[in-house]
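Protein sequence lines correspond, in order, to chains A and B.
All letters in the first sequence, in the order written, are residues 4 to 388 by the working numbering.
All letters in the second sequence, in the order written, are residues 196 to 316 by the working numbering.
To start, the structure itself, in structure tokens.
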Amino acid sequence: MSPTERLLKTPLHAGHKLLGGRMVAFAGYDMPVQYPDGVLAEHRWTRARAGLFDVSHMGPAWLSLTDRPGDTELAHQAISALLEPLICGDIAGLAPGGLRYTLLLNRDGGVIDDLMVGRPVAGDAQGSVYLVVNAGTKEADFAHILAALGGRVRLTRADDGGLIALQGPEAAAVMADLCPAALTMAFMRFRTFEVDGHSLVVSRSGYTGEDGFEILVPPAGAEALWERLLADERVRPIGLGARDSLRLEAGLPLYGHDLDETVSPIEAGLGFAVGKRRRAAGDFPGAARILRELAGDLTRVRVGLRVLEGAPAREGAEIVHDGLAVGRVTSGGFSPSLSAPIAMGFVPPALAAAGTRLSVVVRGKAQAAEVVSLPFVPHAYVRQP
Amino acid sequence: MLFTKDHEWIAVDGEIATVGITAFAAEQLGDVVYVELPDLGRTVSTGEGFAVVESVKAASDIYAPVSGVVTGVNEALASAPETVNAEPEGAGWFAKLKLTDPADLDGLMDRTAYEAFIGGR
Numbered sequence: 004m005s006p007t008e009r010l011l012k013t014p015l016h017a018g019h020k021l022l023g024g025r026m027v028a029f030a031g032y033d034m035p036v037q038y039p040d041g042v043l044a045e046h047r048w049t050r051a052r053a054g055l056f057d058v059s060h061m062g063p064a065w066l067s068l069t070d071r072p073g074d075t076e077l078a079h080q081a082i083s084a085l086l087e088p089l090i091c092g093d094i095a096g097l098a099p100g101g102l103r104y105t106l107l108l109n110r111d112g113g114v115i116d117d118l119m120v121g122r123p124v125a126g127d128a129q130g131s132v133y134l135v136v137n138a139g140t141k142e143a144d145f146a147h148i149l150a151a152l153g154g155r156v157r158l159t160r161a162d163d164g165g166l167i168a169l170q171g172p173e174a175a176a177v178m179a180d181l182c183p184a185a186l187t188m189a190f191m192r193f194r195t196f197e198v199d200g201h202s203l204v205v206s207r208s209g210y211t212g213e214d215g216f217e218i219l220v221p222p223a224g225a226e227a228l229w230e231r232l233l234a235d236e237r238v239r240p241i242g243l244g245a246r247d248s249l250r251l252e253a254g255l256p257l258y259g260h261d262l263d264e265t266v267s268p269i270e271a272g273l274g275f276a277v278g279k280r281r282r283a284a285g286d287f288p289g290a291a292r293i294l295r296e297l298a299g300d301l302t303r304v305r306v307g308l309r310v311l312e313g314a315p316a317r318e319g320a321e322i323v324h325d326g327l328a329v330g331r332v333t334s335g336g337f338s339p340s341l342s343a344p345i346a347m348g349f350v351p352p353a354l355a356a357a358g359t360r361l362s363v364v365v366r367g368k369a370q371a372a373e374v375v376s377l378p379f380v381p382h383a384y385v386r387q388p
Numbered sequence: 196m197l198f199t200k201d202h203e204w205i206a207v208d209g210e211i212a213t214v215g216i217t218a219f220a221a222e223q224l225g226d227v228v229y230v231e232l233p234d235l236g237r238t239v240s241t242g243e244g245f246a247v248v249e250s251v252k253a254a255s256d257i258y259a260p261v262s263g264v265v266t267g268v269n270e271a272l273a274s275a276p277e278t279v280n281a282e283p284e285g286a287g288w289f290a291k292l293k294l295t296d297p298a299d300l301d302g303l304m305d306r307t308a309y310e311a312f313i314g315g316r
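Below, the structure written as structure tokens:
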């Protein structure tokens with residue numbers, strides 16, 4: 004990093020320094036990779052109690068119709084009809100308050116980004132959708148959306164505020180003190196709540212596999228909310244290092260590593276993100292390829308690997324079967340929960356069944372590995388609150 | 196105990212040198228989850244990568260502070276790599292080298308010089 008390169012700061016930046024966060028450049032932001040507890044302790048704390056993450060570098064935004072019809076259902080159908088041609092998810096079919104994981108696709112069916120799209124609850128907010136895109140891709144994503152939709156939509160970015168994730172088995176109990184109404188939401192629901200004079204957009208979602216919430220807070224309220232949550236003894240701050248090891252254990256792909264513009268949703272094992280109605284209609288970018296892959300014509304798929312001996316296999320490590328290179332690791336590291344190395348990578352479908360024995364090559368040495376089903380650590384989502 | 200700019204330490208007893216990483220290096224690496232040690236009998240040259248230490252986040256090479264032949268490795272690190280964080284300058288040692296040329300020690304820092312070196316970072 005050259006000293007002339009200016010890193011952006013989230014509204015919580017000063018707080019990270021006070022907590023002793025070790026700061027690194029990430030997606031153009033100066034972010035904490037870990038606090039003094041260290042990655043292992045932070046990871047384990049999140050699995051046992053509740054971890055607090057600053058994810059304000061991501062790209063929350065509202066996409067709204069420029070010309071909104073008076074009828075609320077028509078308004079939602081109109082914004083959906085504009086956004087859907089860029090993605091593979093069913094947005095029209097979202098109930099008020101619903102949040103969906105979906106993918107922005109290029110014309111070849113490759114993933115431009117993975118994102119959340121939510122339909123607001125309030126009648127007067129129909130005709131708008133809530134988006135959360137990745138930090139490293141947000142400028143390109145927003146430009147792509149605006150280039151396609153032109154003057155028919157207005158994009159209101161909210162990435163000047165705080166986006167705070169509270170994750171772990173005690174997240175709900177902590178949230179009960181801050182905003183008890185949020186506990187009535189199931190996994191993948193979101194709503195706006197007034198707390199301490201600020202309007203918070205709270206979703207029951209996350210990137211750890213645990214129950215938890217992501218809270219969008221306006222810039223003026225971000226520090227106070229962060230501090231209030233941290234004052235709870237069940238809560239500790241968690242850096243990007245443990246965020247990565249937690250999402251890897253949860254089998255969740257990371258854009259730029261497990262997903263990129265060459266990878267399709269089907270190859271990535273994200274077929275659930277291609278809506279039923281959208282499949283039937285074949286009306287999304289790259290539909291020809293994706294429908295062919297859904298029918299079984301597939302050359303590679305994302306799998307989980309347990310590395311049975313030796314060093315962690317990291318991104319780029321070759322995957323070998325019978326002496327032949329068959330793929331590469333796209334994410335890999337040490338699993339604190341399993342106390343063993345784990346990885347994700349792409350292999351031909353014939354080698355993707357759980358139990359298949361493969362090797363991963365680390366520093367020239369082939370180490371035994373086995374395909375396992377994802378996630379590595381079971382999800383603990385609250386589907387019925 | 197002598198130190199390198201790459202944050203290894205070396206303790207010399209006769210012609211045998213014990214090598215590890217400094218407390219500063221261990222703190223910077225974070226939680227060590229795996230250590231790859233050299234084969235016994237391997238000849239290493241000063242500055243050559245001869246071991247690898249892996250944290251949750253990344254792998255880092257460990258460089259030989261002197262030239263020599265590997266006469267021992269710390270087998271205990273295979274099952275307890277966290278010893279590198281707990282006792283980096285003691286039980287968390289990596290390898291023992293039989294010195295090829297004692298003059299290799301001349302360019303290394305003593306503790307006072309090393310602490311000044313890391314203090315200036």
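All C-beta atoms in this analysis are idealised placements derived from N, C-alpha and C, irrespective of residue type, glycine included.
Query: Meets three-Cβ-pair contact criterion under 8 Å: the stretch 321 to 338 of chain A and the stretch 284 to 298 of chain A; Result: no
Query: For A/Leu89, the first and last residue of its enclosing alpha helix (DSSP H); Result: It is not in any alpha helix (DSSP H) - A/Leu89 carries neither H nor E in the DSSP assignment.
Query: Selection from A/Tyr38, A/Pro172, A/Val205 and A/Arg50 that minimises the alpha carbon distance to A/His19; Result: A/Tyr38
Query: Nonlocal neighbours in the same chain, by C-beta distance under 8 Å from B/Glu310, ignoring five residues either side; Result: none
Query: Check whether A/Tyr210 and A/Leu273 have beta carbons under 9 Å apart; Result: no
Query: Rounded Cβ spacing between A/Ser254 and A/Phe379 (contact assumed at less than 8 Å); Result: The sequence given here has Gly at residue 254 of chain A, not Ser. Going by Cβ atoms, the distance from A/Gly254 to A/Phe379 rounds to 6 Å, so yes, they are a contact pair.
Query: Beta carbon of A/Ala185 nearer than 9 Å to that of A/Arg207; Result: yes
Query: Coil, strand or helix - A/Ser67 by DSSP; Result: strand
Query: Cβ-based contacts, 7 Å cut-off: residues of the stretch 201 to 231 of chain B near chain A; Result: Gly225, Asp226, Val228, Tyr229 and Glu231
Query: Best match in A/Pro344, A/Arg366 and A/Ala276 for proximity to A/Met119 [C-alpha to C-alpha]; Result: A/Ala276
Query: Cα-Cα separation between A/Val132 and A/Leu262, rounded to whole angstroms; Result: 24 Å
Query: Contacts of A/Pro339 in chain B (Cβ-Cβ under 9 Å); Result: Asp226, Val228 and Val251
Query: For A/Ala189 and A/Gly23, the rounded distance between their alpha carbons; Result: 34 Å
Query: CA nearest to the CA of A/Gly113, picked from A/Ile269, A/Ala150, A/Met26 and A/Ala372; Result: A/Ile269
Query: First and last residue of the uninterrupted alpha helix (DSSP H) at A/Trp48; Result: Val42 to Ala51
Query: CB contact flag (A/Pro63, A/Gly139, <9 Å); Result: no
Query: Option in A/Leu169, A/Leu354 and A/Ala78 with minimal Cα separation from A/Arg122; Result: A/Ala78
Query: Backbone secondary structure at A/Val136 - three-state DSSP; Result: strand
Query: A/Thr49 and A/Met34 closer than 9 Å at C-beta; Result: no
Query: Within 9 Å, strictly: CB atoms of A/Asp93 and A/Arg280; Result: yes
Query: Beta-carbon separation (whole angstroms), A/Leu158 vs A/Phe145, contact threshold 8 Å; Result: 6 Å
Query: Residue nearest to A/Ala98 in terms of C-alpha spacing, selected from A/Gly31, A/Arg192 and A/Gln170; Result: A/Arg192
Query: Alpha carbon of A/Thr359 to alpha carbon of A/Arg237, nearest angstrom; Result: 40 Å
Query: Residue-chain proximity (B/Ala311, chain A), Cβ-Cβ < 9 Å; Result: no
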